[in-house]
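For reference, the structure is listed below as structure tokens.
Dropping the structure here:
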């Protein structure tokens, strides 16, 4: 049980800190959240700066253009960039955390050299076409059909919850290439394709969330031709190929957010001391309990990173335990914010009110809490499968 | 940074588990619970106490030059986690903390207890009491293996004595061990017990209870181990708060998974619940911990 960092890790942290201090003041102002082209330009410009400074694809393997950093170095990177108030990964998220690592692990040499460098440089943006209106938690039942026609697949269907679809160049798309039958379960007939978003037959419709913003989109595919050379992995092997990416999402995706939540919690205490709500012992103790909660979540992050370090960087099912606890804690944090704000909690111009609304997605996105509990019960605790 | 247990720590954990399985296994536990001397009459097994002393349980953190094992808080936490798993009775925390100051405590020759808030555990069995237990009156303890006395008017000290912080951490470690043990017990029962022609663990309603238990245990584990490494008072208060919650709620859920059997004296789960309740009353209680953690938000 060692929570101290090695000399090498501390050097890495110091270099990063110095670079952030020199770089961040020169950044342009953040774009309006509704300005999608502006957001893309801002996020990709940040990625380019990371690339030029040697921080792009830090945790990617070296032969994929990354730096082969250890999970601990990646943790330090995410912690320090958040502490310094650096931009988020934003529109680069799917490329850096899903599609890129999948291509690096499962793609051919030609596919890696075509797709990976533009992700690292911030030249190209990816989105994710997994969920469908009728295939959410039961992702393996997806129905978007791909039929082979010469050297291409002809794809027809629809996808939903696709972040950044409006500005993406590519979509990591799951399609059905073999119908489900008595002998073929859903997950055995799925194929992973890289879909160019400018292909004829692709249309995107923004989806307005309960927060009033359009963070997601629906995507409609009408006989879209995708070159067969854009298939990563074997035909009908896309489910396995996809699982590689999902474990990445559950590994380190929330490190920066836990750091940010701890800062928010301190800001909440300050606000409560300022407006008199601190005298309400229920409010005060709720904030105290959340202090324990987020300190533990940070330790749990360090625990999971240490485990991943031994396992060669591949996060295990411990990510599900973390996600279950964190998604709930985040909602509690912003519920507490509303109690601190009082009537101000109804004012949408306050960041905490907007964050309270967006926190509602956390127990649903990337595997609902109910699905995560099934995963924990069956894969970690070994309980029998069933309904 | 490598938060995982070192090989030595794993060996220690396994060693203590084996020792307790051999010296205080289920039969000994049930003999103690079902024997004549429970509740206020519970008697402490002095032979077992000396064996714990011989094994270094109390002298774990004493420097080697003083006849101790020379280990730190993380190792002590691992040992106390095992004690919590095994439902080992006795004023373990107080005796461990007295190893350097009360002669005979380190070797298990003398039993030491301490006044914690208004309560004292194992007062009649103790050779030495830390704190003022004057006027203590016996309580019909809810836990058959923890005799309790109440010291009227003893509570309310704002400044806890110096041992209070490590005591809180070791109590949290016991709670963690209990939370892990009840999770295992619930999972085992859910896999064996059949209703409607299949194991009840295949039903989501039961499955999700078990998953919640594991999430509580693993969150408490990260909190307790982290607090053991930093030794920081506020982090220890947070660890106690989360470990209390995990132990009490996991015991409740374990009871629920066991159905009617869970309500019997024969099943061990009530022993975990009752002990968890006793430990949750030790300083800092949920209320005290939450206040400490709130005050630290700066």
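Chains as they are written, first to last, in this note's numbering: chain A, -17 to 369; chain B, 27 to 324.
Even glycine gets a Cβ: it sits at the ideal position worked out from N, Cα and C.
Which listed residue (the options) has its alpha carbon closest to that of residue i
i	options	result
residue 255 (chain B)	B:77, B:90, B:97 and B:84	B:97
residue 301 (chain A)	A:349, A:254, A:266 and A:324	A:349
residue 319 (chain B)	B:80, B:258 and B:283	B:258
residue 227 (chain B)	B:235, B:216, B:236 and B:312	B:216
residue 315 (chain A)	A:10, A:332, A:341 and A:330	A:341
residue 8 (chain A)	A:-13, A:-17, A:168 and A:69	A:69
residue 244 (chain A)	A:308, A:352 and A:13	A:308
residue 312 (chain A)	A:329, A:303, A:292 and A:338	A:338
residue 244 (chain B)	B:218, B:95, B:230 and B:276	B:276
residue 110 (chain A)	A:97, A:104, A:91 and A:77	A:77
Interface flag, residue i vs chain A, CB-CB below 8 Å
i	result
residue 234 (chain B)	yes
residue 221 (chain B)	no
residue 215 (chain B)	no
residue 27 (chain B)	yes
residue 241 (chain B)	yes
residue 192 (chain B)	no
residue 110 (chain B)	no
residue 225 (chain B)	yes
residue 51 (chain B)	no
residue 31 (chain B)	yes
residue 237 (chain B)	yes
residue 211 (chain B)	no
residue 39 (chain B)	no
Neighbour flag for residue i against chain B, beta carbons, 8 Å
i	result
residue 26 (chain A)	no
residue -16 (chain A)	yes
residue 291 (chain A)	yes
residue 350 (chain A)	no
residue -9 (chain A)	yes
residue 340 (chain A)	no
residue 316 (chain A)	no
residue 180 (chain A)	no
residue 251 (chain A)	yes
residue 362 (chain A)	yes
residue 54 (chain A)	yes
Contact under 8 Å by Cβ, residue i with residue j
i	j	result
residue 143 (chain A)	residue 185 (chain A)	no
residue 272 (chain A)	residue 336 (chain A)	no
residue 47 (chain A)	residue 102 (chain A)	yes
residue 213 (chain B)	residue 365 (chain A)	yes
residue 295 (chain B)	residue 211 (chain B)	yes
residue 125 (chain B)	residue 84 (chain B)	yes
residue 157 (chain A)	residue 128 (chain A)	yes
residue 264 (chain B)	residue 277 (chain A)	yes
residue 176 (chain A)	residue 152 (chain A)	yes
residue 80 (chain A)	residue 154 (chain A)	yes
residue 232 (chain B)	residue 163 (chain B)	no
residue 117 (chain B)	residue 58 (chain B)	no
residue 247 (chain A)	residue 323 (chain B)	yes
residue 138 (chain B)	residue 131 (chain B)	yes
residue 197 (chain B)	residue 280 (chain B)	no
Per-residue contacts from residue i into chain B (C-beta, under 8 Å)
i	result
residue 301 (chain A)	Simply none; closest approach about 11 Å.
residue 152 (chain A)	Near residue 152 (chain A) there are no residues of chain B at all, since even the closest Cβ is about 35 Å away, more than 8 Å.
residue 248 (chain A)	323 and 324
Closer than 7 Å at the beta carbon, the chain A residues around residue i
i	result
residue 100 (chain B)	-17
residue 245 (chain B)	278, 282 and 307
residue 255 (chain B)	-17 and -15
Interface partners of residue i on chain B, CB under 9 Å
i	result
residue 135 (chain A)	Here the premise fails: no neighbours, minimum Cβ distance about 37 Å.
residue 368 (chain A)	224, 225, 227, 228, 229, 230 and 233
residue 400 (chain A)	Outside the displayed span of chain A (-17 to 369) sits residue 400 (chain A), for which this structure offers no information.
residue 356 (chain A)	230, 233, 234 and 237
Partners in chain A for residue i, counting only beta-carbon separations shorter than 9 Å
i	result
residue 319 (chain B)	267, 269, 270, 271, 272, 273, 274 and 277
residue 313 (chain B)	263 and 267
residue 252 (chain B)	-17, -15, 277, 278, 280, 281, 282, 284 and 285
Chain-ordered chain A contacts of residue i [CB-CB under 8 Å]
i	result
residue 304 (chain B)	The premise fails here: residue 304 (chain B) is roughly 21 Å from chain A at the closest Cβ pair, so nothing lies under 8 Å.
residue 261 (chain B)	277
At least 3 beta-carbon pairs within less than 8 Å: the region 145 to 152 of chain B vs the region 185 to 203 of chain B: no
Would you call the region 101 to 110 of chain B and the region 201 to 219 of chain B touching, i.e. three or more CB-CB distances under 8 Å? yes
Counting pairs of Cβ atoms below 8 Å between the region 179 to 195 of chain A and the region 119 to 130 of chain A, do you hit three or more? no
Taking 8 Å as the cut-off, does the region 264 to 277 of chain B touch the region 156 to 171 of chain B (at least 3 CB pairs, one atom from each stretch)? no
Would you check if there are 3 or more beta carbon pairs closer than 8 Å linking the region 209 to 222 of chain A to the region 239 to 250 of chain A? no
Counting beta carbon pairs with one atom in the region 322 to 331 of chain A and one in the region 21 to 38 of chain A, are three or more of them shorter than 8 Å? no
Pairs of beta-carbons, one from the region -16 to -9 of chain A and one from the region 30 to 40 of chain A, closer than 8 Å: are there three or more? no
Is it a yes or a no for the region 351 to 360 of chain A touching the region 69 to 85 of chain B, going by three-plus beta-carbon pairs under 8 Å? no
Does the region 237 to 244 of chain B come within contact of the region 160 to 167 of chain B, defined as at least 3 CB pairs closer than 8 Å? no
Between the region 260 to 285 of chain B and chain D, which residues of the former have CB atoms less than 7 Å from a CB of the latter, in chain order? Considering every chain present, this structure includes no chain D. Its protein chains are A and B.
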